[in-house]
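> What the sequence shown shows, in our numbering, is residues 4 to 364, in sequence order. The C-beta atom is built at its ideal place from N, Cα and C for all residues, glycine as well. It should be emphasised that the depicted structure is a prediction, and the values quoted were computed from it without experimental measurement. I'd like to ask some things about the structure below.
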Amino acid sequence: MKVDVLVIGAGPAGSSTAREIAESGFSVLAIDRRKEIGFPVQCGEFLPTPDELRRILPRSEDYGDLFEIEPRLVERETSLIELYGPFGIRYDMEFSGLTLNRREFDKSLWGRAEKTGATLEKETEFFELKSDRVAMTSAGDIEFDYIVGADGPLSRVRKCLSLSEPSAMSQAVTGQARGDFGENVRMYFGSIAPGGYAWVIPKRASANVGLGTQKEFCKEPLSDLIKRFAEGFEMNIEEFAYGQVPISGPIKRTVSGNALLVGDAAGQVMATNGGGIPIAMICGRIAGRCIANVLRGKGRISDYDTEWKRQILSPLKNAARTKAIADYFFATNRRLKFAMKTLGLNGLERAILCKRVFYLF
Ligand SMILES: Cc1cc2nc3c(=O)[nH]c(=O)nc-3n(C[C@H](O)[C@H](O)[C@H](O)COP(=O)(O)OP(=O)(O)OC[C@H]3O[C@@H](n4cnc5c(N)ncnc54)[C@H](O)[C@@H]3O)c2cc1C
């Protein structure tokens, strides 16, 4: 089999990339090892509104219909985040976002790509590159002109290309709890989730509950941490899923020859809040447009690297820097209390919005 573009992974990054390429009339095949796109849900399912995204990513360009989300995929709209720290600290941050049904959201993103002519092979795993034109997969060899690694935080495409690895990963667990959890998102910092935070993100008649931590801060298994968190709030959590979040900022180079990386595979995540869905979609769109241009005989594939960096690198780097410095304060509840009190609501808001924070000291 031969295609213009082979996309590995049909998450938000892969679907957004594939859509742009197929829309331009080129053949694009995505493969995903999952049986069902969007499942298991390794996600808090929270998405900022486009207005909030513009606040976080002021240089990112017109989103068009990228974030036009069908009402059936929206579980709840939220306008406030409650931030809890050790020793009774609490701040309330105004922030508008929505809780998605991520299981269906990922399917609908792929649906948009499919409508433009992209094709998908599920339960098909990418193993390795046999050459710069041939991928070895569980369904046999696939020939391509360009290949996109949209295969998540532990990207195998990234390894095959010998591109740099994210230097820090957060280990995360999430699940669903039934009941009414009010209207606000809640984030809990401190020993409940060492080096990260725990969350309760309300849905219609349930909540997405989870936490992320870092190995160097915590030797305890995630399953014990989440159990303790659930017990503390008398929640019964089901449908556990575990995952990783790259938190060291984007990798330096995201293009190599006729290949590129997008989304978590490229470390394109907001390190201070762990959000990666919108970034993956924005970068996927840029990647797809660049590849389509190259196939039309215009531009170079390295334009992708230049363009996504121009639009969003600065906030992602701010967030990674803040996260790295914040790690010193995550070591004990006392230090964390000091940092949260010193930063106050304004400083915490800046951190979450990927602005520079520590030049304040
Ligand atoms: C617990 C947790 C909570 C999170 N909460 C949020 C949140 O609330 N909001 C937010 O914005 N972000 C959140 N994130 C981050 C967000 O989920 C990711 O940033 C986002 O999914 C990145 O999209 P992606 O397409 O790059 O990768 P993914 O969504 O990981 O998609 C990668 C796809 O590639 C496939 N794949 C991987 N390897 C192969 C292979 N070898 N062959 C074939 N297919 C392969 C996978 O099956 C998968 O479908 C969270 C992450 C975790 C782990």
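DSSP has Tyr-245 in a bridge; who is on the other side?
For the purposes of this step, residue 245 is identified with residue 242 of the sequence shown, where counting begins at 1. Tyr-245 pairs with Val-176.
> Measuring from the CB of Lys-129, is there a heavy atom of ligand 1 at a distance below 7 Å?
Counted from its first residue, the sequence shown places residue 129 at position 126. The sequence given here has Phe at residue 129, not Lys. It does: the Cβ of Phe-129 is within 7 Å (strictly closer) of some heavy atom of ligand 1.
> Ligand 1 and Gly-279: does any heavy atom of the ligand fall closer than 7 Å to the residue's C-beta?
As a working mapping, residue 279 is identified with position 276 in the sequence shown. For ligand 1, at least one heavy atom lies less than 7 Å from the Cβ of Gly-279.
> How would you label Gly-182, buried or exposed, when you count the other beta carbons within 10 angstroms and need 16 or more for buried?
For the purposes of this step, residue 182 is taken as residue 179 along the sequence shown, with counting starting at 1. So Gly-182 ends up on the exposed side.
> For ligand 1, any of its heavy atoms closer than 7 Å to the Cβ of Ala-16?
To locate residue 16, count along the sequence shown from 1; it is residue 13. Yes, ligand 1 has a heavy atom inside 7 Å of this Cβ.
> Taking buried to mean at least 16 other C-beta atoms within 10 Å of its own C-beta, is Asp-144 buried or exposed?
In the sequence shown, residue 144 corresponds to position 141, counting from 1. Its Cβ having fewer than 16 others within 10 Å, Asp-144 is exposed.
> Considering only C-alpha positions, which residue in the set Phe-184, Arg-159 and Arg-299 is nearest to Asn-239?
Here residue 239 corresponds to residue number 236 of the sequence shown, with the count starting at 1. Ranking the options by Cα distance to Asn-239, first place goes to Phe-184.
> What span of residues does the alpha helix (DSSP H) with Phe-332 cover, start to end?
As a position in the sequence shown, residue 332 is number 329, starting the count at 1. Element bounds for Phe-332: 317–332.
> Please work out which residues of its chain come closer than 7 Å, Cβ to Cβ, to Thr-140, disregarding the five sequence neighbours upstream and downstream, and give them in chain order.
Here residue 140 refers to the residue found at position 137 of the sequence shown. Excluding residues within five positions, the ones whose Cβ falls inside 7 Å are Ile-34, Thr-127, Glu-128, Phe-129 and Phe-130.
> Helix, strand or coil, according to DSSP, for Tyr-307 in the structure here?
If you number the sequence shown from 1, residue 307 lands on position 304. The answer is helix: DSSP assigns Tyr-307 an H, G or I state.
> Since Leu-298 is in the alpha helix (DSSP H), which residue starts that stretch and which ends it?
Sequence index remark: in the sequence shown, residue 298 carries index 295 (1-based). Here the alpha helix (DSSP H) through Leu-298 covers 280–298.
> What's the call for Ile-11, buried or exposed, on a 16-neighbour Cβ count within 10 Å?
For this step, residue 11 is matched to residue 8 along the sequence shown. When all chains shown are included, Ile-11 counts as buried.
> Expressed to the nearest angstrom, what Euclidean distance is found between the alpha-carbon atoms of Thr-325 and Leu-346?
Within the sequence shown, residue 325 is the residue found at index 322, counting from 1. Within the sequence shown, residue 346 is the residue found at index 343, counting from 1. Going from the Cα of Thr-325 to the Cα of Leu-346 covers about 12 Å.
> Return yes when the C-beta of Gln-179 is under 7 Å from any heavy atom of ligand 1, and no when it is not.
Numbered from 1 along the sequence shown, position 176 holds the residue referred to as residue 179. Taking the Cβ of Gln-179 as the reference point, every heavy atom of ligand 1 lies at 7 Å or farther away.
> Quick one: residues in its chain with C-beta nearer than 6 Å to the C-beta of Met-343, no 5 flanking neighbours on either side, listed in chain order?
The sequence position of residue 343 within the sequence shown is 340, counting from 1. Gly-88 and Ile-92, listed in sequence order.
> Find the nearest neighbour of Ala-369 within the set Lys-206, Ala-210, Ile-204 and Ala-175, judged by alpha-carbon distance.
The structure shown has nothing for residue 369, since the chain only spans 4 to 364.
> Just the Cα atoms here: how many angstroms apart are Ala-153 and Thr-216?
Reading the sequence shown from its first residue, position 150 is the one you call residue 153. Reading the sequence shown from its first residue, position 213 is the one you call residue 216. Taking the straight line joining both Cα atoms gives about 24 Å.
> Determine the burial state of Met-4: buried for a count of at least 16 other Cβ atoms within 10 Å of its Cβ, exposed for fewer.
Here residue 4 is taken as the residue at index 1 of the sequence shown, counted from 1. Under this definition Met-4 is an exposed residue.
> Given this structure, state the Cα-to-Cα distance separating Gly-120 from Asp-109, to the nearest angstrom.
As a first step, residue 120 must be located in the sequence shown, where it is residue number 117. As a first step, residue 109 must be located in the sequence shown, where it is residue number 106. Their backbone Cα atoms lie some 17 Å apart in a straight line.
> DSSP state of Glu-80, grouped into three classes?
Here residue 80 refers to the residue found at position 77 when the sequence shown is read from its first residue. In this structure, Glu-80 counts as strand in the three-state DSSP scheme.
> Could you compute how far the alpha carbon of Phe-341 sits from the alpha carbon of Ser-194?
Taking the first residue of the sequence shown as 1, we reach residue 341 at position 338. Taking the first residue of the sequence shown as 1, we reach residue 194 at position 191. Using only the alpha carbons, I get a separation of about 14 Å.
> Need the endpoints of the alpha helix (DSSP H) that Asp-408 sits in, please.
Past the edges of the chain, shown from 4 to 364, lies residue 408, and the structure says nothing about it.
> If we ignore side chains and look at the alpha-carbon of each, how far apart do Met-190 and Asn-276 end up?
Indexing the sequence shown from 1 puts residue 190 at position 187. Indexing the sequence shown from 1 puts residue 276 at position 273. Computed Cα separation, rounded: 10 Å.
> Give the DSSP bridge partners of Ser-141, in chain order.
Here the question's residue 141 lines up with position 138 in the sequence shown. Beta-bridge pairing links Ser-141 to no other residue.
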